[in-house]
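What follows is a set of notes on a single structure, which appears directly below.
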Amino acid sequence: MAGQIRILLYTLIAVQITDLALHLATGQIEPLRIASNALIGGWALVLLRQKPPCWIGMTAVLAYLALNAIFLMQHGLYNPNQGGELRIPLFVMVGVSALISFFVLRSAGLKRG
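Everything in the sequence shown is counted per the numbering used here, starting at 5 for the first residue and increasing by one.
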């Protein structure tokens, strides 16, 4: 696997760990968000060791996005625990994670099937 892809995967894992740390530090244990972090971070860890079929990666990324969308539908765009401010950290973490994930899927030469 190309060095750049490995760096992106480690970055993706770091983003998930940072997001999880923010959940814990702020006392906002949100099961859907934590599950989404584990899902996409787990996929990145697997990808560091082997090349699963492309559909597995696409499924992981789409499930990650779906879990975050469900969270937003349930809890809204604004965080009452932060004075009703827009959930900017969520959008940054999810946006960065999605961009990295789609770039990895496109560039890693994953097996089709």
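Ideal Cβ positions, reconstructed from N, Cα and C, are used throughout, including at glycine.
Residue i burial status per 10 Å Cβ neighbour count (16 or more: buried)
i: Gln20; result: buried
i: Leu103; result: exposed
i: Ser111; result: exposed
i: Gly31; result: exposed
Where the alpha helix (DSSP H) through residue i begins and ends
i: Ile9; result: 7–29
i: Pro93; result: 92–111
i: Gly46; result: 35–53
i: Gln78; result: 58–79
Residue closest to residue i, alpha-carbon to alpha-carbon, out of the options
i: Val108; options: Ala25, Leu49, Thr22, Leu36; result: Leu49
i: Ile92; options: Gln54, Ile44, Leu76; result: Leu76
i: Ala64; options: Leu52, Gly80, Ala42; result: Ala42
i: Leu52; options: Ser111, Tyr14, Ala25; result: Tyr14
i: Trp47; options: Tyr68, Val98, Glu34, Pro84; result: Tyr68
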